[in-house]
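For reference, the structure is listed below as structure tokens.
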Amino acid sequence: SNAIPENSDVSIHGTDDFSKISGSDIVVITASTGVYLKSRTELMGAQVKMIKEIANQIKKYCPFAIVLIVSNPLDILTFVFQKETQLPRNKVIGIASSLDSSRFRYLLSEKFKIKQSQITDALVLGEHGDSMVPIFSQVKINEKNILEIIDEAEKQTISTEIRDYWKSLRIFGSRSQFGIAKHTFDVIRSIIKNDELVMPASIVLNGEYGEKDVSMGIPVKINKYGVEEIIEIKLNKSESGLLKISAQTIRDYIKSL
């Protein structure tokens, strides 16, 4: 709270009493069990149990809120939360794919020695995890399609670097909290100001991209209503196949719980 600008009327309070969120318009979930577990399956089980408990409290105290999920495993928790609360799917938004996309854009700028502002439509879709899918076919550098200047080996290298980006942060004793905080702030500002924002985010799908009963990162348009529109972009055959694999990977994790 000491970092709040002097001209702000924001007040920050800490509590473990869920009744304090009664009537909230926006809820951001960043919670973690904080317990070290041996396997991803164990972690998922613990996190899912936690998100269900939170979901019941949010449904009780602020059933009309727009809920932003930041906790991992992101796509699984977004799906479980929406199904547990039965909130409209456009009001449950998982935030992570925009962070992966920012890393994609940064790595491309480093490779080609250019400014990030010269790169457009660098999107990462699918799981926020090992099966994430960088969409190279949409990327443009100074309005030129990147597929004209990059080969398969280079694409594979960059794809691996995006997936493993978090590992480099750990090596240097850091985390991704500042990056994800910025993207979460962007979404909150868009909702509050009704300022249209287009970005990839995780949302429960109902036929979009040929997928159902799964939540994963896809391009969406956000405003005061939450997700106003799911944007279906053209993918090449390889990207479509990889996105289907990513969706099935998420479903398999959910079934394993």
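Using the working numbering, the first residue of the sequence shown is number -1, and each one after it goes up by one. Yeah, the Cβ is synthetic: ideal placement off N, Cα and C, and Gly gets one too.
{"query": "Under 8 Å between C-beta atoms of P217 and I229", "result": "yes"}
{"query": "Sequence-distant residues of the same chain with beta carbon closer than 8 Å to K153, five excluded per side", "result": "P132 and F134"}
{"query": "Selection from K210, L255, G224 and N221 that minimises the alpha carbon distance to K242", "result": "K210"}
{"query": "Closer than 8 Å to chain D by CB, M48", "result": "Note that chain D does not occur in the displayed structure, where there is just one protein chain."}
{"query": "DSSP-derived helix/strand/coil call for M130", "result": "coil"}
{"query": "Neighbour-count burial assignment, I10, 16 or more Cβ in a 10 Å radius", "result": "exposed"}
{"query": "8 Å Cβ shell around P61 - same chain, five flanking residues per side excluded", "result": "T83 and L85"}
{"query": "Span separating the alpha-carbon of M42 from that of K50", "result": "12 Å"}
{"query": "L241, enclosing alpha helix (DSSP H) - first and last residue", "result": "K235 to S254"}
{"query": "Short Cβ contact (8 Å threshold) for G239 with G124", "result": "no"}
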